[in-house]
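Everything in the sequence shown is counted per my numbering, starting at 482 for the first residue and increasing by one. Data block below; observations after.
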Amino acid sequence: MPPIFALVDCNNFYASCERVFNPRLEGKPIVVLSNNDGCVVARSNEAKALGIAMGVPEFQIRPVLRAHQVQVFSSNYMLYGDMSQRVMETLEQFCPDLEIYSIDEAFLSLSGFTSRNLTEYGRTIRSTVKRWTGLPVSVGIAETKTLAKIANRVAKRTPDTNGVFDLLACPDRDALLGRVPVEDVWGIGRNLTRLLNQHGIMTALQLREADDQWIRKHLGIVGLRLVMELRGISCLDLEECPAPKQSLTCSRAFGQLISTLADMEEAVSSYTSRVAEKLRRERLAATVLTVCLTTNEFKEGPQYSNVLTLKLAVATDSTSDLIRSALQGIRTIYREGYRYKKAGVILTGLVPASQAQADLFDYQDRGKSKRLMSALDAINTRWGADTLHYASSGIGKAWKTQFQHRSPAYTTDWGALPIVTA
482 MPPIFALVDC
492 NNFYASCERV
502 FNPRLEGKPI
512 VVLSNNDGCV
522 VARSNEAKAL
532 GIAMGVPEFQ
542 IRPVLRAHQV
552 QVFSSNYMLY
562 GDMSQRVMET
572 LEQFCPDLEI
582 YSIDEAFLSL
592 SGFTSRNLTE
602 YGRTIRSTVK
612 RWTGLPVSVG
622 IAETKTLAKI
632 ANRVAKRTPD
642 TNGVFDLLAC
652 PDRDALLGRV
662 PVEDVWGIGR
672 NLTRLLNQHG
682 IMTALQLREA
692 DDQWIRKHLG
702 IVGLRLVMEL
712 RGISCLDLEE
722 CPAPKQSLTC
732 SRAFGQLIST
742 LADMEEAVSS
752 YTSRVAEKLR
762 RERLAATVLT
772 VCLTTNEFKE
782 GPQYSNVLTL
792 KLAVATDSTS
802 DLIRSALQGI
812 RTIYREGYRY
822 KKAGVILTGL
832 VPASQAQADL
842 FDYQDRGKSK
852 RLMSALDAIN
862 TRWGADTLHY
872 ASSGIGKAWK
882 TQFQHRSPAY
892 TTDWGALPIV
902 TA
């Protein structure tokens with residue numbers, strides 16, 4: 482049975498999530514900012530039409546935002562993560578095989594649906610996601626994942642498709658691929674685009690027709706697989722079970738510059754708590770911890786940055802153990818006389834928590850620690866992040882990342898439920 486893939490991609494995901502709970506935003510330009518409200522990380526179509534670029538610092542476009550009454554939001558990752566889960570759970574109703582590719586994208590296998598009108602099925606998927614979650618999506622259908630990406634691009638950019646495009650039913654595929662710039666092909670980055678353009682390959686069609694030996698020489702086996710995918714030969718299967726993570730990170734810029742060791746210790750403790758929660762959600766334990774800090778290279782004044790990696794005595798998922806090591810590391814590399822902009826904690830050497838080897842000389846009661854971490858996670862899941870936290874993380878947290886325009890956590894906080902007025 483030949484494979485058939487559908488790529489379902491949420492349109493302007495972050496901006497669309499904000500609209501779901503505030504219908505007054507419909508038709509208005511929206512931008513979503515990064516941590517500390519620094520740069521634009523998401524835009525509605527209306528904001529794109531104003532020429533607002535991705536990644537531009539907010540202060541540079543402030544006059545445009547004011548002149549056009551652009552609605553500005555801080556990133557609300559709690560809301561976006563929950564809405565993503567709702568979308569994925571909705572998509573699971575339509576096929577048994579699904580790969581969650583990113584927070585706003587998923588591949589579906591439609592290989593057993595050949596008797597259906599796939600365009601109509603795509604429209605059913607689209608309308609159901611909209612009805613159940615309030616989010617608009619585009620659906621691209623093709624016989625390979627790479628072509629499904631291109632089909633999704635067509636669905637998103639061509640109004641006549643109504644958000645669904647089946648490349649299998651396209652009467653002139655060559656003409657369509659000839660209109661797709663090579664840089665828009667999945668897996669072709671800036672450096673490869675430059676190389677391909679230098680050799681006269683400007684479109685997806687020209688890449689598809691390129692000589693196999695030349696592709697293998699310049700792009701390797703991965704590039705050859707990509708070309709095969711453009712030719713309709715499926716080389717990339719669904720990844721229903723994500724590969725185990727190799728590292729976990731919590732690294733953030735401070736809301737205001739830090740110039741004392743006490744504040745730095747609070748921030749690093751807080752970041753370690755966050756990354757430890759991620760570790761336990763993945764059912765992993767870490768054997769290596771890295772801490773880093775840096776000043777703001779874009780401001781005048783003395784500059785300093787440093788990194789320290791520590792080998793942990795035993796593989797652990799305990800916040801207590803990890804904070805102890807992180808504080809040891811940050812005290813080692815911290816230097817007085819600097820104003821720090823950012824710090825981070827990275828966990829590597831990850832192993833399944835159930836397979837973590839014990840140490841003969843480990844004096845801690847690991848069973849007690851495990852029960853404590855389970856209670857900590859349960860309380861914070863039930864009542865909200867940081868309801869219960871380590872004293873070393875501080876209380877005031879003047880250094881905390883700023884979110885001056887963040888919307889409420891509508892779906893995960895009882896106190897933030899939207900108020901309906903008649």
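C-beta: ideal position from N, C-alpha, C; glycine also.
By the 10 Å Cβ neighbour count, where 16 or more other Cβ atoms means buried, how is residue i classified, buried or exposed?
{"i": "VAL788", "result": "exposed"}
{"i": "ASP802", "result": "buried"}
{"i": "PRO510", "result": "buried"}
{"i": "GLU507", "result": "exposed"}
{"i": "GLY704", "result": "buried"}
{"i": "VAL901", "result": "exposed"}
{"i": "SER715", "result": "buried"}
{"i": "ALA487", "result": "buried"}
{"i": "LEU898", "result": "exposed"}
{"i": "GLU527", "result": "buried"}
{"i": "LYS823", "result": "buried"}
{"i": "SER728", "result": "exposed"}
{"i": "ALA872", "result": "exposed"}
{"i": "ARG634", "result": "buried"}
{"i": "GLY818", "result": "exposed"}
{"i": "GLY670", "result": "exposed"}
{"i": "ASN517", "result": "buried"}
{"i": "ARG852", "result": "exposed"}
{"i": "ARG706", "result": "buried"}
With a threshold of 7 Å between beta carbons, is residue i in contact with chain D?
{"i": "THR642", "result": "Looking for chain D here will not work: only one protein chain is present."}
Suppose you measure from the CA of residue i to the CA of residue j; what does that come to, to the nearest Å?
{"i": "THR893", "j": "ASP653", "result": "47 Å"}
{"i": "MET709", "j": "THR600", "result": "24 Å"}
{"i": "LEU546", "j": "LYS611", "result": "28 Å"}
{"i": "LEU793", "j": "ALA766", "result": "11 Å"}
{"i": "PRO768", "j": "ASN861", "result": "The sequence shown places Thr at residue 768, not Pro. If you take the alpha carbons of THR768 and ASN861, they lie about 25 Å apart."}
{"i": "GLY848", "j": "VAL501", "result": "44 Å"}
{"i": "LYS529", "j": "ALA890", "result": "26 Å"}
{"i": "ASP798", "j": "ALA834", "result": "7 Å"}
{"i": "ALA757", "j": "THR800", "result": "6 Å"}
{"i": "ILE542", "j": "GLN885", "result": "17 Å"}
{"i": "LEU869", "j": "ASP744", "result": "19 Å"}
{"i": "LYS878", "j": "MET482", "result": "58 Å"}
{"i": "ILE739", "j": "SER556", "result": "22 Å"}
{"i": "THR674", "j": "ALA656", "result": "20 Å"}
{"i": "VAL795", "j": "ALA807", "result": "15 Å"}
{"i": "GLY668", "j": "LYS630", "result": "10 Å"}
{"i": "ILE804", "j": "LYS726", "result": "21 Å"}
{"i": "SER855", "j": "TYR752", "result": "19 Å"}
{"i": "ARG712", "j": "GLN836", "result": "43 Å"}
{"i": "GLU573", "j": "PHE588", "result": "11 Å"}
{"i": "SER750", "j": "GLY810", "result": "11 Å"}
{"i": "ARG597", "j": "GLU570", "result": "22 Å"}
{"i": "THR790", "j": "ARG638", "result": "46 Å"}
{"i": "TYR602", "j": "VAL513", "result": "32 Å"}
{"i": "GLN687", "j": "ALA650", "result": "21 Å"}
{"i": "ASP563", "j": "VAL663", "result": "34 Å"}
{"i": "THR625", "j": "ASP578", "result": "15 Å"}
{"i": "LEU616", "j": "ARG755", "result": "28 Å"}
According to DSSP, what are the bridge partners of residue i?
{"i": "CYS520", "result": "PRO538"}
{"i": "VAL769", "result": "LYS792 and THR829"}
{"i": "VAL512", "result": "ARG524 and VAL553"}
{"i": "GLY621", "result": "LEU488 and PHE646"}
{"i": "LYS822", "result": "Per DSSP, none; premise fails for LYS822."}
{"i": "ALA890", "result": "According to DSSP, ALA890 bridges with nothing at all."}
{"i": "PRO662", "result": "THR684"}
{"i": "PHE588", "result": "LEU488 and GLU580"}
{"i": "ILE606", "result": "Its beta-bridge partners do not exist; DSSP assigns none."}
{"i": "ARG733", "result": "ALA824"}
{"i": "ILE739", "result": "TYR821"}
Does the Cβ-Cβ distance between residue i and residue j come in under 7 Å?
{"i": "GLY875", "j": "GLU747", "result": "yes"}
{"i": "THR684", "j": "GLY659", "result": "yes"}
{"i": "VAL645", "j": "VAL620", "result": "yes"}
{"i": "SER515", "j": "ASN493", "result": "no"}
{"i": "ALA636", "j": "ALA623", "result": "no"}
{"i": "TYR495", "j": "TYR561", "result": "yes"}
{"i": "VAL445", "j": "VAL489", "result": "There is no way to answer for residue 445, as the model of the chain reaches only from 482 to 903."}
{"i": "LYS881", "j": "GLY736", "result": "yes"}
{"i": "SER608", "j": "PRO484", "result": "no"}
{"i": "ARG567", "j": "THR614", "result": "yes"}
{"i": "GLU586", "j": "LEU719", "result": "no"}
{"i": "TYR821", "j": "THR776", "result": "yes"}
{"i": "CYS576", "j": "SER565", "result": "no"}
Quick one: does the C-beta of residue i sit closer than 6 Å to a heavy atom of the ligand NAD?
{"i": "CYS491", "result": "Among the ligands in the structure shown, none appear at all, so the ligand NAD cannot be discussed."}
Taking 8 Å as the threshold, find out whether the stretch 782-798 comes into contact with the stretch 686-701 through three or more Cβ pairs. no
Taking one C-beta from the stretch 729-741 and one from the stretch 809-828 each time, how about it: are there three or more such pairs within less than 8 Å? yes
Any contact between the stretch 536-556 and the stretch 851-867? By contact I mean 3 or more CB pairs, one from each, below 8 Å. no
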